[in-house]
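Some notes on the structure that comes next.
Number of protein chains: 2
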Amino acid sequence: TSIGSIAAGFFFAFFVVMCCLTVCSGTPDPSQREVMIRQEVSRQTGGSVQLTGAEQRLDWHLNKLKKQEIAAEQFLPATHFFKARPLIQKSPIFSLLQKMPKGAALHIHSSSLVSVDWLVKNITYRPNCYICFTWGRSLRFLFSSRHPFPSWDCPYWRLLKTLRGNMPDPTDFDHSLMRNLTLFTEDPDTAYPSQDAVWEKFETAFLAISGLVTYAPVFRDFLYKGLEQLLHDNIMYLEVRTGLSRTYELDGSIHDKSWSLRTYQEVTRQFVAEHPDFLGVRLIISVHRALSVSEVKAAVKEAIQMQKDFPEIVAGFDLVGREDRGRPLWFFKDALSLPAELGIKLPYFFHAGETDLEGTEVDENILDALLFNTQRIGHGYALTHHPLAKELSKKGNVAVEVCPISNQVLKLVSDLRNHPAAVLMSEGHPMVVSSDDPSLFGTTGLSYDFYEMFVGIGGLRANLGTLKELAINSLRYSSLPPQLKERGLSMWQRTWDKFIAENS
Amino acid sequence: TSIGSIAAGFFFAFFVVMCCLTVCSGTPDPSQREVMIRQEVSRQTGGSVQLTGAEQRLDWHLNKLKKQEIAAEQFLPATHFFKARPLIQKSPIFSLLQKMPKGAALHIHSSSLVSVDWLVKNITYRPNCYICFTWGRSLRFLFSSRHPFPSWDCPYWRLLKTLRGNMPDPTDFDHSLMRNLTLFTEDPDTAYPSQDAVWEKFETAFLAISGLVTYAPVFRDFLYKGLEQLLHDNIMYLEVRTGLSRTYELDGSIHDKSWSLRTYQEVTRQFVAEHPDFLGVRLIISVHRALSVSEVKAAVKEAIQMQKDFPEIVAGFDLVGREDRGRPLWFFKDALSLPAELGIKLPYFFHAGETDLEGTEVDENILDALLFNTQRIGHGYALTHHPLAKELSKKGNVAVEVCPISNQVLKLVSDLRNHPAAVLMSEGHPMVVSSDDPSLFGTTGLSYDFYEMFVGIGGLRANLGTLKELAINSLRYSSLPPQLKERGLSMWQRTWDKFIAENS
Ligand SMILES: [Zn+2]
Ligand SMILES: [Zn+2]
Numbered sequence: 001t002s003i004g005s006i007a008a009g010f011f012f013a014f015f016v017v018m019c020c021l022t023v024c025s026g027t028p029d030p031s032q033r034e035v036m037i038r039q040e041v042s043r044q045t046g047g048s049v050q051l052t053g054a055e056q057r058l059d060w061h062l063n064k065l066k067k068q069e070i071a072a073e074q075f076l077p078a079t080h081f082f083k084a085r086p087l088i089q090k091s092p093i094f095s096l097l098q099k100m101p102k103g104a105a106l107h108i109h110s111s112s113l114v115s116v117d118w119l120v121k122n123i124t125y126r127p128n129c130y131i132c133f134t135w136g137r138s139l140r141f142l143f144s145s146r147h148p149f150p151s152w153d154c155p156y157w158r159l160l161k162t163l164r165g166n167m168p169d170p171t172d173f174d175h176s177l178m179r180n181l182t183l184f185t186e187d188p189d190t191a192y193p194s195q196d197a198v199w200e201k202f203e204t205a206f207l208a209i210s211g212l213v214t215y216a217p218v219f220r221d222f223l224y225k226g227l228e229q230l231l232h233d234n235i236m237y238l239e240v241r242t243g244l245s246r247t248y249e250l251d252g253s254i255h256d257k258s259w260s261l262r263t264y265q266e267v268t269r270q271f272v273a274e275h276p277d278f279l280g281v282r283l284i285i286s287v288h289r290a291l292s293v294s295e296v297k298a299a300v301k302e303a304i305q306m307q308k309d310f311p312e313i314v315a316g317f318d319l320v321g322r323e324d325r326g327r328p329l330w331f332f333k334d335a336l337s338l339p340a341e342l343g344i345k346l347p348y349f350f351h352a353g354e355t356d357l358e359g360t361e362v363d364e365n366i367l368d369a370l371l372f373n374t375q376r377i378g379h380g381y382a383l384t385h386h387p388l389a390k391e392l393s394k395k396g397n398v399a400v401e402v403c404p405i406s407n408q409v410l411k412l413v414s415d416l417r418n419h420p421a422a423v424l425m426s427e428g429h430p431m432v433v434s435s436d437d438p439s440l441f442g443t444t445g446l447s448y449d450f451y452e453m454f455v456g457i458g459g460l461r462a463n464l465g466t467l468k469e470l471a472i473n474s475l476r477y478s479s480l481p482p483q484l485k486e487r488g489l490s491m492w493q494r495t496w497d498k499f500i501a502e503n504s
Numbered sequence: 001t002s003i004g005s006i007a008a009g010f011f012f013a014f015f016v017v018m019c020c021l022t023v024c025s026g027t028p029d030p031s032q033r034e035v036m037i038r039q040e041v042s043r044q045t046g047g048s049v050q051l052t053g054a055e056q057r058l059d060w061h062l063n064k065l066k067k068q069e070i071a072a073e074q075f076l077p078a079t080h081f082f083k084a085r086p087l088i089q090k091s092p093i094f095s096l097l098q099k100m101p102k103g104a105a106l107h108i109h110s111s112s113l114v115s116v117d118w119l120v121k122n123i124t125y126r127p128n129c130y131i132c133f134t135w136g137r138s139l140r141f142l143f144s145s146r147h148p149f150p151s152w153d154c155p156y157w158r159l160l161k162t163l164r165g166n167m168p169d170p171t172d173f174d175h176s177l178m179r180n181l182t183l184f185t186e187d188p189d190t191a192y193p194s195q196d197a198v199w200e201k202f203e204t205a206f207l208a209i210s211g212l213v214t215y216a217p218v219f220r221d222f223l224y225k226g227l228e229q230l231l232h233d234n235i236m237y238l239e240v241r242t243g244l245s246r247t248y249e250l251d252g253s254i255h256d257k258s259w260s261l262r263t264y265q266e267v268t269r270q271f272v273a274e275h276p277d278f279l280g281v282r283l284i285i286s287v288h289r290a291l292s293v294s295e296v297k298a299a300v301k302e303a304i305q306m307q308k309d310f311p312e313i314v315a316g317f318d319l320v321g322r323e324d325r326g327r328p329l330w331f332f333k334d335a336l337s338l339p340a341e342l343g344i345k346l347p348y349f350f351h352a353g354e355t356d357l358e359g360t361e362v363d364e365n366i367l368d369a370l371l372f373n374t375q376r377i378g379h380g381y382a383l384t385h386h387p388l389a390k391e392l393s394k395k396g397n398v399a400v401e402v403c404p405i406s407n408q409v410l411k412l413v414s415d416l417r418n419h420p421a422a423v424l425m426s427e428g429h430p431m432v433v434s435s436d437d438p439s440l441f442g443t444t445g446l447s448y449d450f451y452e453m454f455v456g457i458g459g460l461r462a463n464l465g466t467l468k469e470l471a472i473n474s475l476r477y478s479s480l481p482p483q484l485k486e487r488g489l490s491m492w493q494r495t496w497d498k499f500i501a502e503n504s
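So the sequence lines, in the order shown, correspond to chains E and S.
Every letter in the first sequence is one number past the one before it in the UniProt record's numbering, and letter 435, counting from 1, is 435.
Every letter in the second sequence is one number past the one before it in the UniProt record's numbering, and letter 60, counting from 1, is 60.
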């Protein structure tokens, strides 16, 4: 974002024109063609990363593996992830990506941090867990020391232990619980014929999960387990979007939000102490875009206060919920201008452009996110349709958080080769990979999303340099203060070197 | 492609940075926001077209209609065209697009110029038409004065008239013939599970059609009928890709290629004489990319000769056939360099980038097409993954021929909102709309493709200015000599004004 970069742009444009004048005469010079091909490759994400000898060996191996996957009858990134998952698990590229130190996960929502498997097999087996079936045939859970009161949508609460005991096949029953807590299904096309259908299930599953994980003792274990699963996937740092729902105890008493913040801090400290390879957790306080302007104003003020009280752990603020049905950022302009008016810095990390409604109000969210000085763009799926916003984001070094599986499951795109991040990647646009709602999509960590990014979105052109840059980006574009960022980068480099040594 | 455009780029970059410095402070100025939104809109295809009062009224009406279609339960451009077609036919936007003067069709292959309905109901009812079923269960046709000899793949030829006479339900039989001559089917997902499957049917249908339309007397009527169907869809000029297959007579004698060229010229002259609203036809001589280098060399030499003999009608040269399975342009470099080496100008109109195989040899076709100085790019589906090629194509004013329905049917993209032309459109990249193989996709003319382009790819942002620019582009980027281009543009303007007067 300086005169330097403008000048570079100027000389590049000059070079292209010269190229054209000398080359496009109808008889291209092979060596000049090579220069142009290499130049195009050098522009892509990771295109200017210099690989060591050992890295080049691994790169060559990865390229060979990728050619095999492209030549196979079924190309997995063109297949719905729910069908592709068992096949991806068998991919040698996937095994390598699992082992690879991937840096940070910068776009995960707290409720979907931990696999559904653990939720059902661990949490729902704890004592005092009640379950109810709503009129809409979805589930609610509640831990309580006495039988919960019926409410309008939960007429009959039953002790889960008793209910499970009465089932002919408890394993089968547990599977049916799991199906209620995730979008994962073997026949996604029939289950989710439209964006509306899949978003409805999405929101229902969230409601079911929330009763389980907002029980204070569970909340603590849930976070710890979440960090374990990330570390197990070779991720070293997390920025989590969280609404900071208030947690409850068996007697129905409710903690304030500071309790949740303190718990995040305590669990993180404990986890880091026990796992020195893990760097930490920071929070992006998120409220739903269905709120009113004055409610969002209050939330912004609250976030400012939280940032003051917990500067170590609070990274910033975001609005969540389906953009297509929610209110656009510009609707909340008075709320979002508050920090600047008060002369306070509250970093924004807006979801923006998670839409295919080109040219609507919703479609302006990306530009507005940038105007409100967002630090990163959540999804930015529509960014390539906005050349001006794209330039602003590139010059301002505002990274896009790409969540391939989320976009596919929520029906923005079916064949991931058509994902707009392929365009951004070819231009070397700042970006990171994330998993959005891993447990809802049947994943943990980032390896599956890295697979889709590397094999599908990146195509044959994406190489180990791309992977390396994506991992480094996740720390570079994190909200970590400079010193911690440096520490994170050198921690990452150590594990990376080890990974290369063991796999090249 | 001058210092002027570089300077413009420079000042634009400067403006963006200034904008960011003054605007991105966290409290955006609403009027500056408006400027930026307008500026982004002005960049898109048609974004700088000034609309008259009457045009603005029609634009307003179109916008209202489009909002209704976006709000409907099923969004048609996200639906496979074969399922969407009956619904598109009911769309008031589609009716308007049918009436709209669309200028020229610049990317249509000759064998699929005329609807399958006419092929079966007219041509197959002519005398002396024989049919055979190959071992692979596809069809072949042949007109012959005596019973044709069996060949290895056509063991039993039968007189179609006799066969049809023996059928319990001739209408049903005719429908089964139609199904063999088109890809159209009501259940495309089952019929075509993969790109390989749909391309196989594609090539089989071509073989079946070719026996019908290369019969000399049919060939003449076929061309005439094709021009009728284009004019009926308010298209005034055609550039057709043709292999110039040699035609045959009842006695088995075969005409040379000059006969086909002369026939194109005669039929066109006759049609223009009878329909003064029609401007003409030019040919892009096309050979299959499965040929050897020396065969392509011979074809290039032949095309040079044809261009010399028929300058009025021969526009240039192209290579056709599935890029993913065929040879890349660079493989033919020695053949394609011939004209430049001989100091002769043979304009190229290359298919390039009709692929999702990012990073492969095939994926270099776009760059190579530009290096060989192509006049337009057929499809250019992969162009947005090639930032350098994209810049060359924009600066060189090399238009992309976008064929939305073709790309959807041939399984490059399912939801047309994800078509890369949406990115190109937002950047005002030079482009035209075409239909590639209309009869194979169950269309005639360009209205269906204009519908997908306007409603799906363009989204709510595309307006009447976009449509106007697309129509003008089709003449601007045609191969017509300057004088004829001028004449075409003023003919188009007259019919456009009439269209606006009648529909605003
Ligand atoms: Zn998200
Ligand atoms: Zn074509």
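For every residue, glycine included, the Cβ atom is placed at its ideal position computed from N, Cα and C.
**Message:** Under 7 angstroms: does the beta carbon of Arg241(E) sit that close to some heavy atom of ligand 1?
**Reply:** yes
**Prompt:** Does the distance from the CB of Arg282(E) to the CB of Ile304(E) come in under 8 angstroms?
**Reply:** no
**For Thr247(S) and Phe141(S), the rounded distance between their alpha carbons** = 13 angstroms
**C-beta atoms of Asn503(E) and Leu58(E) nearer than 8 angstroms** = yes
**Request:** Can you give me the Cβ contacts of Phe82(S) inside the same chain, cut-off strictly under 7 angstroms, excluding the 5 residues immediately before and after it?
**Result:** Residues of the same chain with a CB within less than 7 angstroms of the CB of Phe82(S), apart from the 5 flanking positions on each side, are Phe184, Thr185, Glu186, Pro188 and Gly442 in chain order.
**Request:** Determine the DSSP secondary structure at Leu291(S), reduced to helix, strand or coil.
**Result:** coil
**Prompt:** Taking a cut of 9 angstroms between CB atoms, which residues from the stretch 203 to 231 of chain S lie near chain E?
**Reply:** none
**Request:** Verify whether the separation of the beta carbon atoms of Asp233(E) and Gln98(E) is less than 8 angstroms.
**Result:** A contact, by the Cβ cut-off of 8 angstroms.
**Cβ-based neighbour list, Ser490(E), same chain, cut-off 8 angstroms, excluding 5 preceding and 5 following** = none
**Request:** Please specify which runs of the alpha helix (DSSP H), each continuous and at least 4 residues long, are wholly inside the stretch 109 to 175 of chain S, giving them in chain order.
**Result:** 116 to 121 and 160 to 165
**Asked** Taking Cβ-Cβ distances below 9 angstroms as the criterion, which residues of the stretch 398 to 426 of chain S are in contact with chain E?
**Response** Lys411, Leu412, Val413, Ser414, Asp415, Arg417, Asn418, His419, Pro420, Ala422, Val423, Met425 and Ser426
**Request:** Output yes or no for whether 8 angstroms exceeds the beta carbon distance between Leu383(E) and Gly353(E).
**Result:** yes
**Asked** Under the three-state reduction of DSSP, which class applies to Trp492(S): helix, strand or coil?
**Response** helix
**Prompt:** Do you know whose CA, among Asp318(S), Glu341(S) and Leu475(S), lies nearest Asn365(S)'s CA?
**Reply:** Asp318(S)
**Asked** So is Thr22(S) in contact with chain E if we call contact Cβ pairs under 8 angstroms?
**Response** In this prediction, Thr22(S) has a pLDDT of 44, which is less than 50 and means its spatial position is unreliable; nothing more can be read from the coordinates.
**Message:** How far does the alpha helix (DSSP H) with Phe219(E) in it extend, from its first residue to its last?
**Reply:** Ala216 to His232
**Residues of the stretch 439 to 471 of chain S whose Cβ lies closer than 7 angstroms to any Cβ of chain E, in chain order** = Gly459, Leu460 and Arg461
**Request:** Determine the direct distance from the alpha carbon of Trp199(S) to that of Lys225(S), and round the result to whole angstroms.
**Result:** 26 angstroms
**Message:** For ligand 4, is there any heavy atom lying closer than 7 angstroms to the beta carbon of Asp172(S)?
**Reply:** No copy of ligand 4 occurs in the structure displayed; its ligands are ligand 1 and ligand 2 alone.
**Message:** Taking the alpha carbon of Leu440(S) as the reference point, which residue from Arg158(S), Pro193(S), Ala78(S) and Leu207(S) has its own alpha carbon closest?
**Reply:** The alpha carbon of Leu440(S) has as its nearest neighbour, out of Arg158(S), Pro193(S), Ala78(S) and Leu207(S), the alpha carbon of Leu207(S).
**Prompt:** Ala501(E) by DSSP, collapsed to three states: which one?
**Reply:** helix
**Asked** Taking any heavy atom of ligand 1 as the mark, which residues have a C-beta closer than 6 angstroms to it, listed down the chain?
**Response** His107(E), His109(E), His351(E), Gly378(E) and Asp436(E)
**Asked** Is the beta carbon of Ser286(E) less than 8 angstroms from the beta carbon of Val213(E)?
**Response** Pairing Ser286(E) with Val213(E) gives a Cβ-Cβ distance that is not under 8 angstroms.
**Prompt:** Is the distance from the Cβ of Gly103(S) to the Cβ of Met236(S) below 8 angstroms?
**Reply:** yes
**Request:** Return yes when at least one heavy atom of ligand 2 lies under 7 angstroms from the C-beta of Val320(S), else no.
**Result:** Val320(S): yes, Cβ under 7 angstroms from ligand 2.
**Request:** Answer yes or no: does any C-beta atom of chain S fall closer than 8 angstroms to that of Ser145(E)?
**Result:** no
**Asked** Hey, how far is the Cα of Trp492(E) from the Cα of Gln56(S)?
**Response** 58 angstroms
**Request:** Locate the beta strand (DSSP E) running through Arg376(S), then write down its first and last residues.
**Result:** Arg376 to His379
**Item:** Environment of Asn166(E) [buried if 16+ CB atoms lie within 10 Å]
**Value:** exposed
**Message:** Taking contact to mean 3 or more Cβ pairs, one atom from each stretch, closer than 8 angstroms, check whether the stretch 341 to 350 of chain E and the stretch 295 to 309 of chain E are in contact.
**Reply:** In short, these stretches touch, since the Cβ pair count reaches three.
**Request:** Using a Cβ-Cβ cut-off of less than 9 angstroms, give me the residues of the stretch 328 to 340 of chain E that come near chain S, in sequence order.
**Result:** Trp330, Lys333, Leu336, Ser337, Pro339 and Ala340
**Message:** Please tell me whether Val218(E) and Ile123(E) are closer than 8 angstroms, where the distance is taken between their beta carbons.
**Reply:** yes
**Message:** Under 8 angstroms, with one C-beta from each stretch per pair, do the stretch 421 to 435 of chain S and the stretch 62 to 75 of chain S reach the 3-pair mark?
**Reply:** Segments in contact, no.
**Contact belief for Phe222(S) with Val114(S) at Cβ below 8 angstroms, rounded distance in angstroms** = Correct: roughly 6 angstroms between the Cβ atoms.
**Request:** Run through the stretch 299 to 387 of chain S for me and flag every whole alpha helix (DSSP H) of 4 or more residues, listed as ranges in chain order.
**Result:** Fully enclosed alpha helix (DSSP H) runs of 4 or longer: 333 to 336, 338 to 341 and 365 to 371.
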